[in-house]
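Every number in my numbering is 121 more than the matching position in the sequence shown, counting from 1.
Notes to accompany the following structure.
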Amino acid sequence: MKSDIEIAREAKLIDIYEIGEKLGINKEYIEPYGNYKGKIKEEFYKKVQNNKKGKLILVTAITPTPAGEGKSTVTIGLTEGMNRIGLKTACALREPSLGPVFGIKGGAAGGGYSQVLPMEEINLHFTGDLHAITAANNLLCALVDNHIEKGNDLEIDEREIFVRRVLDINDRTLRNVVVGLGGKNMGYPREDHFMITVASEVMAIFCLSKDLADLKKRLGEIIFAKKKDGSPLYVKDLGAQGAMTVLLKDAIKPNLVQTLENNPAIIHGGPFANIAHGCNSIRATKLGLSLNDYLVTEAGFGADLGGEKFMDIKCRIGDLHPDLSVLVITLRALKMHGNIQKDKLSEKNIEALREGFKNAKRHMENMLKFKVPLICAINVFEGDTEEEINELINLCKEEGIEARKTTGFMEGGKGAEDLAILVKETLEREESHYSPLYDVNLEIEEKIQKIAEEIYRARGVNYTAKAKKEIKYLKDHNLDKYPICMAKTQYSFSDNPKLLNAPENFEITVKDVRISNGAGFIVCETGDIMVMPGLSKHPAALDMDIDENGRISGLF
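This is the structure in structure tokens:
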């Protein structure tokens, strides 16, 4: 089979204005970025926001493994399949971060014959949204340090500055740095820490804001430091929210592109799900729902991370009501959870499949707790046997869940038609009664306990002294009535990435707690999770090149 980039280059793209026409967007409401990308103007967003809304379909997945699950690929393939059976459908996805693109995970534009295009541009700088978010965040950092240097009228405690500089590249050497060295005119020396852009509160705010005014208000609510008396300092105290919003005025407009089969795709915002809330922007989702009968979206990593945060954070803040969840499963991943090594995954092994199914079963049980109908998508890889596929379908059926195989990676929309039919039938037959897992007015520890016990199946939660201190601070300053955003490894239900499948009798350790006041949630860091990832021994960047004609190789 051809590589992703070969398939993408052979695709026949249509003009972005034609894609807009499929959604009922007139030419004057699209700001083109070349021939095949465009931003949808604010005037149109306001014009259609009260339209009748379509059905919202979430694509989530089992716990990821190095074998791959293909959640974005299934999201795109399902969109193609639904259009093929006559259902007006678009997809809403996150923007790729350059960190994974040049690291090891790869981009986020799907794969095979289920891609969004232009793939190379989407995976690289796209329309510059992530750069704008980086600039807005770092402008705040510069203004904070400048304020301290120029007299510190706000009485900022230099030891209690929370906002961190960001970069959209994996670089472990920037996790802990000292800034302001070099003498009197070089700033105030202090320890600082970089994060990857997609983990920043500015990114979270960007994805959770309803409009430009709301964006500015939320940026102003960021707690960037403590005063010397211990009270919180807000960005609005510094007066930086206006300038930050200026940098984001174009970025906040959702991006319109197309799938390989020329169906509309809206791509906007890109937080990670292991260290942030892992969902595309509320604006993109609401716009898609206003313009289509069905909108397919995805949430990052497994259902214990992106899926839970979609339900408990994004839908709660955005007043969204999902109609269906689709859990992506692969035979290869289940066999890996069943203790089979990666080089043996192509071999038939029913026993390992049954053992690894414990992971899928737990995710099924968890997603049903949100009272939203659920089906399973078996993402078929080359070499998967019909016997194993049928066994997996039967295992799902024993749990009361219908499953269909999808070959969207190899066949595009044609390979996802059966899944699309099941989606249609389920939506017609079952009604969603969406409900979040917990009440935000519970104590912080109660909310964490609820997630840890009901989603992860931990027997308990431990807190470091630092985490306890921060929780007390939030309670003392009435900053505790927010949803919880757990920062946790994506490779396990636990906070230990080596505990695969469906571990039991483990405890979760919360090592730090911080408030994302502008975004409207509390981040709880567990285990050894890093908010600035590092590169692997052989990062993808070392396999990339470009020739004298600008033709890229090695991107995929």
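Glycine included, each C-beta is placed from N, C-alpha and C at the ideal position.
Count the other CB atoms within 10 Å of the CB of residue i; is the residue buried (16 or more) or exposed (fewer)?
i      : result
Ala334 : exposed
Met240 : buried
Leu329 : buried
Asn487 : buried
Asn599 : exposed
Met443 : The sequence as given places Pro at residue 443; Met does not occur at that position. Buried.
Asn460 : exposed
Lys407 : buried
Met607 : buried
Leu441 : buried
Ala364 : exposed
Pro310 : exposed
Gly159 : buried
Ser657 : exposed
Met367 : The sequence given here has Val at residue 367, not Met. Val367 should be labelled exposed.
His664 : Reading the sequence as shown, one finds Asp at residue 664 and not His. It is exposed - the Cβ of Asp664 has fewer than 16 other Cβ atoms within 10 Å.
Ser556 : exposed
Leu412 : buried
Asn291 : buried
Gln379 : buried
Gly675 : exposed
Val299 : exposed
His554 : exposed
Ala586 : exposed
Under 8 Å, do residue i and residue j count as touching if we go by C-beta distance?
i      : j      : result
Ile225 : Ala661 : yes
Met653 : Phe315 : yes
Val222 : Asn258 : no
Lys526 : Ile510 : yes
Ser235 : Thr210 : no
Val544 : Ala182 : no
Phe642 : Ile434 : yes
Thr318 : Ser218 : yes
Ile344 : Phe283 : yes
Glu538 : Arg205 : yes
Ile496 : Glu520 : no
Ala579 : Arg483 : no
Ile565 : Ile592 : yes
Asp414 : Leu208 : yes
Phe478 : Leu455 : yes
Met708 : Ala188 : No answer is possible for residue 708: the residues shown for the chain start at 122 and end at 677.
Leu489 : Leu452 : no
Tyr577 : Asp425 : yes
In chain order, what residues of the same chain lie with their CB nearer than 8 Å to the CB of residue i, ignoring the 5 residues before and after it?
i      : result
Leu620 : Ser613, Phe614, Phe627
Glu472 : Gly459
Glu532 : Tyr234
Lys469 : Thr506, Glu508, Glu509
Run through the DSSP bridge pairs and tell me what residue i is partnered with.
i      : result
Leu445 : Ile178
Glu242 : In DSSP, Glu242 forms no bridge with anything.
Tyr584 : Val631
Ile496 : Val447
Asn376 : Lys160, Ile388
Phe642 : Ser637
Cys212 : Ala386, Val417
Val237 : Thr380
Pro353 : Lys347
Val298 : Asp313
Gly232 : Ser235
Ile673 : Ile667
Arg525 : Ala498
Ile277 : Lys348
Pro153 : Gly159
Met607 : Cys645
Val287 : Met316
Ile282 : Ala346
Cys400 : Ala420
Please work out which residues of its chain come closer than 6 Å, Cβ to Cβ, to residue i, disregarding the five sequence neighbours upstream and downstream, and give them in chain order.
i      : result
Tyr157 : Leu134, Ile137, Pro239
Ala405 : Ala213, Pro375, Ile387, His389
Lys148 : Tyr138
If I'm right that residue i touches residue j with Cβ under 8 Å, what's the distance once you round it to whole angstroms?
i      : j      : result
Lys338 : Glu163 : Between Glu163 and Lys338 the Cβ distance is about 16 Å, and since that is not below 8 Å, they are no contact.
Val582 : Ile650 : Val582 to Ile650, Cβ: 15 Å. No contact.
Gly704 : Asn401 : What the structure shows of the chain is the stretch from 122 to 677, and residue 704 is not part of that stretch, so it cannot be assessed.
Ala229 : Leu416 : Ala229 to Leu416, Cβ: 18 Å. No contact.
Asp633 : Ala588 : 6 Å
Sorted by chain position, which residues of the same chain lie with C-beta nearer than 7 Å to residue i's C-beta, five sequence neighbours on each side aside?
i      : result
Lys347 : Asp278, Glu281, Pro353, Leu354
Ile326 : Leu336, Arg339, Leu340, Gly639, Ala640
Asp264 : The question names Asp, but residue 264 in the sequence shown is Leu. Only Leu359, Ala361 meet the Cβ criterion.
Ile569 : Val582, Ile605, Val631, Cys645
Asp668 : none
So does residue i have its beta carbon nearer than 7 Å to some heavy atom of the ligand HEM?
i      : result
Thr184 : With respect to the ligand HEM, the structure shown offers nothing to examine, as it has no ligands at all.
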